[in-house]
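In the working numbering, the protein residues as written are 17 to 162.
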Amino acid sequence: MMFYHGAYHIDVCINDYLDVFCPHYSGAVPPEHTERYVLYMVNYDGYRTCDHTAKGFKRWECNRPYALGGPLKFSEKFQLFTPFSLGFEFRPSTEYYYLSSNMAAGGTRSSCLKLKVFVQPSNSCVRTTGAHDHIFDVHDNSLEPR
């Protein structure tokens, strides 16, 4: 999914990931033509008005448009519990809101970008077992998928 303008909506399940790739440019693109973003998690009012200052906090910053290893990538894991102090815990049947605006030269903001994420109820999510997933049995020491 690429954000060009406006608002987007996705549904996720607990333990899904959302990957965010920052804009990336070759050295031939002048700095004034690159995009840099700060992405915030906000409450509904902040989402509605595109204002991160009321009840929002910074999740990621896309500030290296010429990163040597390619575009910066940030991942959000939608989990019930997190062992990390900067992690966030999500609840089923709940909407979460993200927003960002492009930081133009001089620090001015333009073009509010919005994303609404709905964490589906647990009974709406189907757990599938892929070819690379392992199902472990406490009485079986093998690592073969079943």
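We treat Cβ as the ideally placed atom computed from N, Cα and C, and that holds for glycine.
For residue j and residue i, believed in contact at Cβ under 8 Å, the rounded distance
| i | j | result |
| --- | --- | --- |
| Y112 | V142 | Y112 to V142, Cβ: 21 Å. No contact. |
| C38 | P87 | 5 Å |
Closest by C-alpha distance to residue i, when choosing among the options
| i | options | result |
| --- | --- | --- |
| N31 | Y114, L131, F106 | F106 |
| K130 | Q136, S91, S117 | S117 |
| L115 | P87, H40, G72 | G72 |
| G10 | P87, K93, Y24 | Coverage of the chain is limited to positions 17 through 162, which leaves residue 10 absent and any answer about it impossible. |
| Y163 | S109, Y24, N139, S138 | No statement about residue 163 is possible, as the shown extent of the chain runs from 17 to 162 and does not include it. |
| E77 | F97, P108, G85, K89 | K89 |
| S127 | L55, S109, Y33 | L55 |
Span separating the alpha-carbon of residue i from that of residue j
| i | j | result |
| --- | --- | --- |
| H49 | T65 | 27 Å |
Three-state secondary structure assigned by DSSP to residue i
| i | result |
| --- | --- |
| E105 | coil |
| R80 | coil |
| Y41 | coil |
| H49 | helix |
| T69 | coil |
| D27 | strand |
Neighbour flag for residue i against chain D, beta carbons, 8 Å
| i | result |
| --- | --- |
| Q95 | Reference to chain D is not applicable here, since this structure consists of a single protein chain. |
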